[in-house]
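For the sequence shown, the positions run 18 to 534 when this note's numbering is used.
Virtual Cβ for every residue (Gly too), placed ideally from N, Cα, C.
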Amino acid sequence: MRCSLLLPTLPCVALVLVACQAEVVDDTADVSTTTDVSTTTTSPAQPSGVSSTSQGSSDASGSSASPSARSTTAQEQELARVRWHNGDIVPASEPVLIGDALVLYTLADEQLQITGIDPQDGAVLWSSPASVSLRPRGQSLSVVGVDSLVAHLAPSESGPADAAAAFAVLRDPGTGREVLRSARALSHADLPSVCPHDDTLACVTVPVDGDWSLQSLLADGGLESPPESAAGVPGWTGIGPLGLSRVAEDGTQVGRIVDGQLTWQIDTTQTFAAGQSTDTGWSFDSFGDGSVLVGSIGLGTGPPADGEAWDMTDQLTLGMDAETGEVLWRAPATSNFCDPDMTGADDDPLLACLWRDGQAVAQDGSLTYQDIDIDLVRLDPMTGERLWQVGLGATTSADAEPSRPEPWLVSPTEVAVTASDGLRIIDIETGADRPATTSDRHWVEDHDLVDIQTPGIAKDRVLASGRYQLLDGTGESAPGAPWPLPGPIGTALAEGTGVVVAEPDGLTAYADPGAGR
18 MRCSLLLPTL
28 PCVALVLVAC
38 QAEVVDDTAD
48 VSTTTDVSTT
58 TTSPAQPSGV
68 SSTSQGSSDA
78 SGSSASPSAR
88 STTAQEQELA
98 RVRWHNGDIV
108 PASEPVLIGD
118 ALVLYTLADE
128 QLQITGIDPQ
138 DGAVLWSSPA
148 SVSLRPRGQS
158 LSVVGVDSLV
168 AHLAPSESGP
178 ADAAAAFAVL
188 RDPGTGREVL
198 RSARALSHAD
208 LPSVCPHDDT
218 LACVTVPVDG
228 DWSLQSLLAD
238 GGLESPPESA
248 AGVPGWTGIG
258 PLGLSRVAED
268 GTQVGRIVDG
278 QLTWQIDTTQ
288 TFAAGQSTDT
298 GWSFDSFGDG
308 SVLVGSIGLG
318 TGPPADGEAW
328 DMTDQLTLGM
338 DAETGEVLWR
348 APATSNFCDP
358 DMTGADDDPL
368 LACLWRDGQA
378 VAQDGSLTYQ
388 DIDIDLVRLD
398 PMTGERLWQV
408 GLGATTSADA
418 EPSRPEPWLV
428 SPTEVAVTAS
438 DGLRIIDIET
448 GADRPATTSD
458 RHWVEDHDLV
468 DIQTPGIAKD
478 RVLASGRYQL
488 LDGTGESAPG
498 APWPLPGPIG
508 TALAEGTGVV
518 VAEPDGLTAY
528 ADPGAGR
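Take a look at the structure:
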C-alpha cells in the first residue's frame, strides 16, 4: 500500500493541540551496512553491486533502453462497454463498494459531501455533509467501511475557532440512514478507521489530555481508549504502511508502531538530510512481504516562503529495514513521489524521478518548477539497484507547465510520461520507450485543490483525487476505454459485472465488451 502526502502546494492548517513530548532517539542504523549512491555532476551513480548492463548506453533521446527494445508498437485492445454514466455529481474520491452501494466523497456548492450510489444504474441514493476536520491537507480522501456501515466525519457549527469540530458518524450505505453519531463534536487528526483491536468498531483520532489519541466509538456515542496494545502512541499519527507514523507536531520524528508500541524511531534531519521532514510531504510504500519500507520526504521543515527555492537534486529515496528502521540503501537525487500504483499488488514496481537538475520555487502558496532535467528510473526496492533508466529532460504536467513527471497508466505493463520531446510510452519491465500514438489511450489522474467551506476554518481547501481522465496520445480526450482497465483504475463491482471509475465529470461504469455475447 502506497501512502503519500504533498504538503508544499497546500495552505497549512495548524493543529491546535500540544503534541506528546516523545523522547528523541538518535538514528541507530549501522551506516556501514547502508548502500550509498553519491551524486555526480551528470547522473548519480548506482548502488554498488549493480551490473554494468543495467544502465545501458544513452542514446540521443536520453533513453537507456536498447534500440531494439525501443522499437515497440502500440497494443491494440478491444474497447470496454459503458453500462451507465452519472454526470450529475462531482467526485472528490474514488468510490468504494460497501454492502449494496457505491460510496464516495463528492463536491457541491463548495461543500464536501459523502454520497451513496446505486451500482446497478448509477443513481444517487443519498448524500450528506462531510468534513475532514484537522486532517493534514494534501492527503487523498478515502471512504471507510466499518462492519458494513459507512464511517465519516460530519461538520459541526460549534467548537473553538480553527478547531474544525466534527462528529463521527456511521451510516447505512444503502439508505444513508444515520445509525450512530458521537456524543460530542471534536477536532479530528484523521478520518475514522477500522479499530485495530476490533474490526466491528470505528476508531477516531481526537485530543485527549492535550495529545492526539486513538479512541473507539461506542454504541452510546461515547469514546473509549482501546486496549493498550491497540491504542497507539499518544501524539503519533499514521503516515504509511506497517504502522509507519510520525509525531503530529514534529514532522522530523518518524517511527513504526506495532501493537501499541514504538518499535523504532528516527530523526529525518539525520536519516534523510538536514532540513528534510514530513512536514512538507512524504511518500512511503512497503515491499518484500513487508520487510522493507521505501520512501521519500519533503525538503523543508515547513512550507517555503514566497520566493524560496528548493534544489530538487537534494531529494533522496531510502530503503529501510521495516523491523529495525536501519537504512539498507540510499538513492540520492531521486524521489518516489512520481511512483504510480501500477497493479495494486504488494510487488508493484518501484519507479522514481532521478533529478539531474531542477528547482521548486514557492509562489503564492504553491510550488512552481524551473530548470528541470529528469530521468525516470526503476529501482529494485530490496537493494536500490537501478534496473533501467529513461531520460525525459524537461518534463511538464498535463497542462504543459514545468513539473515533475507523472507516469500515467496505459496498460498493466506500460506508462505514459510527458518528456521534453513529447509523450512517450515506457514498458515497465524493460524500460523500452517509444513515442506515443493516437491509439495510446492513457489514464491521467485528475487531482485538484478545491475551495470548500468548513465550519471552524476561515479558508479551506480539499484535495479532490482518485478520479481519472482517459486521453489519447495527443493529449485529447479519448472516446473509448481499452478493456481490461489497468488494475488500480476504478472499483470492481460484484461478480465481475464491471468497473466504476470516478471522472472529473461524474462516474462511469465500464464492462467487459464480450460479456453476454
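query, result
"Sub-8 Å separation of Ser-145 and Ser-482 beta-carbons", "no"
"C-alpha distance - Val-67 paired with Arg-403, whole-angstrom precision", "Here the model assigns Val-67 a pLDDT of 33, short of 50, so the residue's position is not dependable and the matter cannot be decided."
"Endpoints, the alpha helix (DSSP H) within which Gln-287 is located", "285-288"
"Other residues of its chain near Gln-470: CB distance less than 8 Å, five sequence neighbours each side excluded", "Glu-127, Gln-128, Asp-477"
"Delimiting residues of the beta strand (DSSP E) encompassing Asn-103", "98-103"
"Residue span of the beta strand (DSSP E) that contains Gln-406, given as start and end", "403-410"
"Given Asp-358 as reference, the closest of Val-427, Thr-413, Asp-323 once Cα atoms are compared", "Val-427"
"Entirely enclosed beta strand (DSSP E) segments - the segment 191-279, minimum 3 residues", "195-198, 210-212, 215-225, 228-234, 253-255, 261-264, 267-275"
"When Leu-368, Val-378, Asp-388 are compared against Ile-445, the one with the closest alpha-carbon", "Leu-368"
"For Trp-500, the first and last residue of its enclosing beta strand (DSSP E)", "Element bounds for Trp-500: n/a, residue is neither H nor E."
"DSSP-derived helix/strand/coil call for Gly-155", "coil"
"Inter-residue Cα distance where the pair is Ala-322 and Gly-292", "15 Å"
"The beta strand (DSSP E) enclosing His-459, as first and last residue numbers", "459-462"
"Beta carbon of Trp-372 nearer than 8 Å to that of Met-329", "yes"
"Three-state class that DSSP yields for Ala-511 in the structure shown", "helix"
"Whole beta strand (DSSP E) elements within the segment 414-476, 3-residue minimum", "425-428, 431-436, 439-444, 450-452, 459-462, 465-471"
"Candidates Ser-165, Ala-411, Asp-338, Leu-409, of which the one nearest Pro-398 by Cα", "Asp-338"
"Limits of the unbroken beta strand (DSSP E) element including Leu-373", "One point to set straight first is that residue 373 is Arg, not Leu, in the sequence displayed. Segment 367-380, the beta strand (DSSP E) holding Arg-373."
"Exposure label - Glu-174; buried when at least 16 CB within 10 Å", "exposed"
"Which listed residue (Pro-499, Asp-465, Leu-335) has its alpha carbon closest to that of Pro-108", "Asp-465"
"Test item: CB-CB of Gly-257 and Leu-310 under 8 Å", "yes"
"Contact belief for Val-441 with Pro-424 at Cβ below 8 Å, rounded distance in angstroms", "Note that residue 441 corresponds to Arg in the displayed sequence, not to Val. About 10 Å; that fails the 8 Å criterion."
"Which of helix, strand or coil DSSP assigns to Asp-331", "helix"
"Where Arg-194 falls, given that 16 or more other Cβ within 10 Å makes a residue buried", "exposed"
"Straight-line Cα distance separating Leu-208 from Ala-526", "27 Å"
"Distance CB(Ala-498)-CB(Arg-458) smaller than 8 Å", "yes"
"Residue closest to Thr-222, alpha-carbon to alpha-carbon, out of His-205, Leu-234, Pro-213", "His-205"
"Contact between the segment 216-230 and the segment 507-519 (3+ Cβ pairs under 8 Å)", "no"
"Cβ-based neighbour list, Pro-521, same chain, cut-off 7 Å, excluding 5 preceding and 5 following", "Asp-463, Arg-484, Gln-486"
"C-alpha distance - Ala-411 paired with Ala-377, whole-angstrom precision", "13 Å"
"Euclidean distance between Cα positions of Asp-284 and Gln-270", "5 Å"
"Gly-307 beta carbon less than 8 Å from that of Pro-505", "no"
"Span separating the alpha-carbon of Ser-233 from that of Ala-185", "10 Å"
"Chain-order list of residues whose beta-carbon lies under 8 Å from that of Asp-216 (same chain, five-residue window excluded)", "Val-163, Asp-164"
"Proximity of Val-160 and Val-211 at Cβ, strictly below 8 Å", "no"
"Own chain residues within Cβ distance below 7 Å of Ala-182, not counting five before or after", "Ser-173, Ser-175, Gly-176, Ala-202, Leu-203, Ser-204, Gly-473"
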